[in-house]
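First the structure, in the form of structure tokens, and then the observations on it.
Structure below.
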């Protein structure tokens, strides 16, 4: 069957490489599916009502006009791994976001992270983005999620 034992750290790395949000990291009670790039899974056209429908409809409309933050992928230029809570910083030193998950990527051979950033810094290839890792600004490349997609 090809099954091998693995721990939670391995599972978390696979989740991160696949760009899948995790509750408690990328998903919280303050996060809408639209913030996390999951708007496609919210179906307003299904018949019937559900708890929170009005709030989600309002969040959907707001996401179409102005999103306060955007979930992005970050790939390190160096070897230092960012952890949840580390600041994402622009070239001018201003804080533009926060890392939600980070780990070394065995598939890419580099540290990777997911972070919420201000929308103007969310475009893949945005230059001048770094992560403050214990007082040192480490350069990171903004990339589209997922980091890895297996071939079918």
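Residue numbers (the numbering used here): 15 to 166.
Even for Gly, the Cβ is constructed at its ideal location relative to N, Cα and C.
| query | result |
| --- | --- |
| Taking Cβ to Cβ, would you say residue 53 is nearer than 8 Å to residue 83? | no |
| For the beta strand (DSSP E) that residue 151 lies in, which residues bound it at each end? | 150-157 |
| Hey, quick one: how far does the beta strand (DSSP E) through residue 127 stretch, first residue to last? | 124-131 |
| With residue 69 as the anchor, note down where its alpha helix (DSSP H) starts and where it stops. | 67-79 |
| What do you reckon, are the CB atoms on residue 80 and residue 99 nearer than 8 Å? | no |
| Going by other Cβ atoms of all chains shown within 10 Å of its Cβ, with 16 needed for buried, is residue 136 buried or exposed? | buried |
| By how many angstroms is the C-alpha of residue 44 removed from the C-alpha of residue 131? | 15 Å |
| Between 57, 90, 88, 87, which has its C-alpha nearest residue 74's C-alpha? | 57 |
| Inspect the CB distances between the segment 115-132 and the segment 23-36 and report whether three or more fall short of 8 Å. | yes |
| My assumption, with CB atoms under 8 Å, is that residue 156 sits in contact with residue 143. Please give the rounded CB distance. | 5 Å |
| For residue 102 versus residue 126, is the C-beta spacing smaller than 8 Å? | no |
| Assign residue 71 to buried or exposed, taking buried as 16 or more other Cβ atoms, counted over all protein chains shown, within 10 Å of its Cβ. | exposed |
| What residue range is occupied by the uninterrupted beta strand (DSSP E) comprising residue 114? | 109-119 |
| Just list the residues that DSSP pairs residue 101 with in beta bridges. | 112 |
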